[in-house]
Amino acid sequence: MKRQTSVFTSTTLVTALVASVILTGFGGAALAASADDGNDRARATNVIYLLGDGMGRTHVTAARERYYGAAGKLAMETLPAQGFVSTYAVEKLSGQPGATDFKPNPVTDSASAATAWSSGVKTYNAALGVDAKGMVVPTMMELAKKAGYRTGNVSTAEITDATPAGQMSHALARGCQGPVYSDAACQDLSITGAALPTSDVRVTPIADQIARNGTADVILGGGLSRFDAADETALKGQGYSVLGSITGQSIATKADLAAASGAKVFGLFNKGNLTVEKTKQDNPSSVQAQEPTLSEMTSKAIDLLQKGKNNADKNDRSGKGGQGFYLQIEGALIDKRSHANDAAQTLGEMKAFDDAVAIVKDFAKRDGNTLVIVTADHECAGFNIIEKGTFTNAEAGTPPANVDSGNSANNSTPTRPSNSKDAARSTGIVNGAGAADPKNFGPATFRTPTDAAGVVDGSPDAGLWLTYLSGNHTGADVPVFATGPGSDQLQGTIDNTALFGIVGRALRVV
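Heads up: the sequence shown runs through residues -32 to -1, 1 to 478, numbered per mature numbering (1 follows the signal peptide of the UniProt record, and there is no 0).
Take a look at the structure:
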């Protein structure tokens, strides 16, 4: 069914809830420092939070060795503060850590992870902007917007997907995206006991919420098919410049993005997720090649937020002035190609994400007062670098299904299409009996900058050998890299909920 939503339903409810929570605090989340604590050392004008979806430590290492060699560095690895983030979720109806009813879940999904850093609470897998008992919690982007900051949300996934949606919506189930919905997609009776009225924000399709609540000033990504004509009317009514046409389901292009201006911009460049970079590079004349890169969206988002900030400062009569921006940027396809066990496209998406990090790093250096955080929501697929000439067992009899097959441009044909062992690359004493098992995955091999001339990807002589342990998320800690005011708080190991407090203190909103 399609919801007939009042333009103001979601906005009004969320605004009231955010105001209430700001006044009262909530559930022991990371509100350790107040806006008046005088700690200017951790105060930033801008915060840019970059998220490599599914990016584990080995994803970083493999991308470095693939593109820059073992002695090189990715842009993210040059940031001075470095550490690790624990990512576990909790079960439904669990209390927060330390409570008597606390029930941890070692492996998170993107939705519960997004809620952890954007709202500072642990929640169950599939939940967005609600705690594990279904109570709405404010997001960092909502708090920043309310405090007068400019806000932006950029992703290579559908903008209604878990990571971007975690900053702009509240949902019992991440699948409640729109434009059509069902009770099964939106309601969760195990949390609420009875079905909620459709006016409740927690069962309002995420696209409807995004189009009406004005949480992000600049929204760039994929997912055009999640929105309809009523959403376009709502966006334009709030002053957004809508690139392409939602009503006509006409995707925007990188040329539209380059020409975009104004304080509020909404641009979606694919009906589903954006296309993997490797496919665009291999097919430069395709329609998909007209999509902007993550770097191009990042540069434009910063430019739009900066110009909007400057105009707001000129017109400010409140005496506050000087408010900066809060921008979240997601490289989503690292995760989606890891799920598919496609090492070539995984590495390509890592490079595309790191290129965006380099742009943000350069901006922060020029600006001088921007906190930059680069991290991940979880590790995906047990991505591993293995010894040259070895072979690794895996859990499945065949490679995992392509979870992103709805977008044909995201499909790839692996060089090794079968799951049978390759006798030329499956021998050696470390393989043991597993080398004789045809159900084992064979490794993917890639040339590195220090390989001899003539060595190519797929060759047994290539220097980088990669494999996966599964087709799903793991519970491994993920890396974090940071620079700017307050970045010293990212040294060592922290929990993902602590990111909420670090960003909130930088922006003086908690």
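No residue lacks a Cβ here, since even glycine has one placed at the ideal position from N, Cα and C.
Inset, instruction - Measure how close the beta-carbons of threonine 131 and alanine 300 come, nearest whole angstrom, since I'm counting them as under 8 Å. - result: 7 Å
Legend entry - CB-CB length for threonine 442 against glycine 431, believed under 8 Å: That belief does not hold up - the Cβ atoms of threonine 442 and glycine 431 are roughly 25 Å apart, past 8 Å.
Inset, instruction - Compute the Euclidean distance between the alpha carbons of alanine 332 and alanine 10, then round it to the nearest angstrom. - result: 15 Å
Legend entry - Contact under 8 Å by Cβ, glutamate 298 with leucine 61: no
Inset, instruction - Measure the alpha-carbon distance for proline 48 versus asparagine 337 and round it to whole angstroms. - result: 15 Å
Inset, instruction - Could you have a look at threonine 314 and say whether DSSP puts it in helix, strand or coil? - result: helix
Legend entry - Whether threonine 26 touches isoleucine 462 by CB criterion (8 Å): no
Inset, instruction - Between the Cα of aspartate 335 and those of Phe234, Gly350, Ile270 and Phe351, spot the shortest distance and give me the residue it belongs to. - result: Ile270
Inset, instruction - Compare the beta carbon distance of alanine 450 and valine 342 with 8 Å and say whether it is the shorter of the two. - result: yes
Inset, instruction - Output yes or no for whether 8 Å exceeds the beta carbon distance between glutamine 177 and serine 137. - result: yes
Inset, instruction - Return the chain-ordered list of same chain residues with a C-beta closer than 7 Å to the C-beta of valine 325, the five sequence neighbours on each side being excluded. - result: Leu18, Ala43, Met44 and Val342
Inset, instruction - With DSSP as the reference, label glutamate 126 as helix, strand or coil. - result: strand
Inset, instruction - Report all residues from its chain with a CB closer than 6 Å to the CB of lysine 268; omit the five preceding and five following residues, and keep chain order. - result: For lysine 268, where only same-chain residues beyond five positions count, the Cβ hits under 6 Å are Leu225.
Inset, instruction - Report yes if the CB atom of alanine 312 is closer than 8 Å to the CB atom of alanine 412, and no otherwise. - result: yes
Legend entry - Cα-Cα separation, glycine 24 to tyrosine 294: 24 Å
Inset, instruction - From the DSSP output, read off the bridge partner residues of tryptophan 85. - result: In DSSP, tryptophan 85 forms no bridge with anything.
Inset, instruction - Could you say if the stretch 234 to 251 and the stretch 182 to 200 meet the contact criterion of at least three C-beta pairs nearer than 8 Å? - result: yes
Legend entry - Span separating the alpha-carbon of threonine 358 from that of tyrosine 436: Rounded to whole angstroms, threonine 358 to tyrosine 436 spans 13 Å at the Cα level.
Legend entry - As assigned by DSSP and simplified to three states, the class of asparagine 464: coil
Inset, instruction - Could you please give the first and the last residue of the uninterrupted alpha helix (DSSP H) stretch that includes tyrosine 35? - result: 25 to 35
Inset, instruction - Tell me, please, which residues DSSP counts as bridged to serine 209. - result: Val233
Legend entry - Beta-carbon proximity of glycine 454 to arginine 473, cut-off 8 Å: yes
Legend entry - Backbone CA spacing between residue 501 and aspartate 322 [nearest angstrom]: A query on residue 501 cannot be resolved here, the shown segment of the chain reaching from -32 to 478 and no further.
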